[in-house]
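**Q** The following block contains the structure, expressed as structure tokens.
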Amino acid sequence: MYRHILIPTDGSELAERGVTHGLALAKSLRAAVSFIFVVEPFSDLSGRFLEAVATYVEYRKEQATKVLDRASDAARTAGVSCQTIQTESGQPHQAILAAAADKGCDLIVMSSHGRSGLSALLIGSVTNKVLTHAKIPVLVCP
Amino acid sequence: MYTHLLLSTDGSEVAKNGLKHGIALAKALKAKVTVIAVTEPLPIDYGSGHASGWIPSQHEMDVFDAASKQRASNFLDQARAMAEQAGISAELLHVPNAHPATTIIATAKSGGCDLIVMGSHGRRGLKKLFLGSQTSEVLADGSVPVLVVHNEQK
Numbered sequence: 001m002y003r004h005i006l007i008p009t010d011g012s013e014l015a016e017r018g019v020t021h022g023l024a025l026a027k028s029l030r031a032a033v034s035f036i037f038v039v040e041p042f043s044d045l046s047g048r049f050l051e052a053v054a055t056y057v058e059y060r061k062e063q064a065t066k067v068l069d070r071a072s073d074a075a076r077t078a079g080v081s082c083q084t085i086q087t088e089s090g091q092p093h094q095a096i097l098a099a100a101a102d103k104g105c106d107l108i109v110m111s112s113h114g115r116s117g118l119s120a121l122l123i124g125s126v127t128n129k130v131l132t133h134a135k136i137p138v139l140v141c142p
Numbered sequence: 001m002y003t004h005l006l007l008s009t010d011g012s013e014v015a016k017n018g019l020k021h022g023i024a025l026a027k028a029l030k031a032k033v034t035v036i037a038v039t040e041p042l043p044i045d046y047g048s049g050h051a052s053g054w055i056p057s058q059h060e061m062d063v064f065d066a067a068s069k070q071r072a073s074n075f076l077d078q079a080r081a082m083a084e085q086a087g088i089s090a091e092l093l094h095v096p097n098a099h100p101a102t103t104i105i106a107t108a109k110s111g112g113c114d115l116i117v118m119g120s121h122g123r124r125g126l127k128k129l130f131l132g133s134q135t136s137e138v139l140a141d142g143s144v145p146v147l148v149v150h151n152e153q154k
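If you're matching them up, the sequences are chains A and B in order.
This note's numbering numbers the first residue of the first sequence as 1 and each following residue consecutively.
This note's numbering numbers the first residue of the second sequence as 1 and each following residue consecutively.
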């Protein structure tokens, strides 16, 4: 069955549910996992915001490292082989799909929302774009 | 992990790919499988003040129901054959005259299914641009995890 599952996370509570879900599935299928955290830089604003933007990106990178460390700890505890990927991209869905192709993943598991989204009404924009453009199956968990 | 998978099909190629993935996953997880085919009702046009509508006669409705049943049993048989080939058994379910997304969610809940497997599109949809309407609706409900399977060569 599936051998290598890609699990994107943005550190939000909902995305972390995707991590738990994907890890449990990987464990029962004896599959490997890769966790990916895409840091979205703000597009370049005018000079007076540059510093704030730079601080934000630094902060998000720190958060990404923490979140990925936590995920790989969870994988180790579950006995699942794992890799982590941290990238910067203004188009998270493209970074996610590129990573899936690069690592040869055969399934993506992600939560229906991350940090943003009208939770009851729609599915999140990144999840939606991944679903639309993916060639491999995508498992969306609530 | 998952103990009962609900696979939905409308007989399309992409749905067939969904069945393939769902059956393989169920086999790997030793989970139960239910395959559901929902067929939509005959549209009834009640007309407006000036335009005359079209309300089918009982005979026309009977013919339509028989055709829906025949069509559903064709692709449910296909699903059974795929499951048998994989060496697992599947429960087959045809729900006539119903709205697919709503029925799929309701069936998953009442049957205690913990994963829904469906194609990214069914018979309709601008293939490369959007998700199918029924798939979007099932995803938006958000109460049961959904495995979305795309066409094999996209």
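Virtual Cβ for every residue (Gly too), placed ideally from N, Cα, C.
Since this is a predicted model, take the numbers as computed values, not measurements.
#1: Using a Cβ-Cβ cut-off of 8 Å (strictly less than) and excluding sequence neighbours within five positions of Ile88 of chain B, which residues of its own chain qualify?
#2: Roughly how many whole angstroms lie between the Cα atoms of Lys20 of chain B and Ala32 of chain A?
#3: I'd like to know whether the C-beta atoms of Ala101 of chain B and Glu60 of chain B end up nearer to each other than 7 Å.
#4: Would you report the Cα separation of Asn97 of chain B and Ile5 of chain A, rounded to the nearest angstrom?
#5: Along chain B, which residues have their Cβ under 7 Å away from the Cβ of Cys141 of chain A?
#6: Check whether the Cβ of Leu29 of chain A lies closer than 7 Å to any Cβ atom in chain B.
#7: Between Leu139 of chain B and chain A, is any beta-carbon pair separated by less than 7 Å?
#8: Which residues does DSSP pair with Phe37 of chain A in a beta bridge?
#9: Which first and last residues belong to the alpha helix (DSSP H) in which Ile108 of chain A is found?
#10: Measure from the C-beta of His150 of chain B to each C-beta in chain A and report whether the shortest distance is under 7 Å.
#11: What residues of chain B sit near Ile123 of chain A, judged by a beta carbon separation below 7 Å?
#12: Within 8 Å, do at least three Cβ pairs link the segment 121–134 of chain A to the segment 99–112 of chain A?
#13: Excluding the five sequence neighbours on either side, which residues of its own chain have a C-beta within less than 6 Å of the C-beta of Leu131 of chain A, listed in chain order?
#14: Report yes or no: is there a C-beta of chain B within less than 7 Å of the C-beta of Pro137 of chain A?
#15: Under a three-way DSSP split, which group does Leu6 of chain A fall into?
#16: Using beta carbons (cut-off 7 Å, strictly below), is Ala24 of chain A in contact with chain B?
#17: What is the C-beta distance between Leu29 of chain A and Ala74 of chain A, in whole angstroms, given that I count them as a contact (C-beta under 8 Å)?
#18: Under the DSSP definition of a beta bridge, which residues are partnered with Cys141 of chain A?
#19: Which ranges does the alpha helix (DSSP H) cover as unbroken runs of at least 4 residues, wholly within the segment 38–124 of chain B, from first to last along the chain?
#20: With H, G and I counted as helix, E and B as strand and the rest as coil, what does DSSP make of Leu121 of chain A?
#21: Would you call Ala51 of chain B buried or exposed, if buried means 16 or more other Cβ atoms sit within 10 Å of its Cβ?
**A** Let me spell this out:
#1: Cβ within range, chain order: Ile23, Ala26, Lys27 and Val33.
#2: 22 Å
#3: Their beta carbons are not under 7 Å apart, which means Ala101 of chain B does not touch Glu60 of chain B by this criterion.
#4: 38 Å
#5: Pro145
#6: yes
#7: Answer yes: the Cβ-Cβ gap between Leu139 of chain B and chain A drops below 7 Å somewhere.
#8: A:Gln86
#9: Counting along the chain, Ile108 of chain A falls outside any alpha helix (DSSP H), though it belongs to the beta strand (DSSP E) covering Leu107 to Ser111.
#10: The beta carbon of His150 of chain B falls within 7 Å of a beta carbon belonging to chain A, placing the residue at that interface.
#11: Leu139 and Ala140
#12: yes
#13: Excluding positions up to five away in sequence, the list reads Val138.
#14: Judged by the 7 Å Cβ criterion, Pro137 of chain A is in contact with chain B.
#15: Under the three-state reduction of DSSP output, Leu6 of chain A falls in the strand class.
#16: yes
#17: The Cβ separation is near 16 Å, so there is no contact.
#18: Under DSSP, Cys141 of chain A takes part in a beta bridge, and its partners are A:Ser111.
#19: The DSSP assignment places complete alpha helix (DSSP H) segments of no fewer than 4 residues inside the segment 38–124 of chain B at 58–86 and 100–110, in order along the chain.
#20: Caution is warranted here: a pLDDT of 49 is assigned to Leu121 of chain A, below 50, making its placement in the model unreliable, and no coordinate value can be reported.
#21: With fewer than 16 other Cβ atoms within 10 Å, it is exposed.
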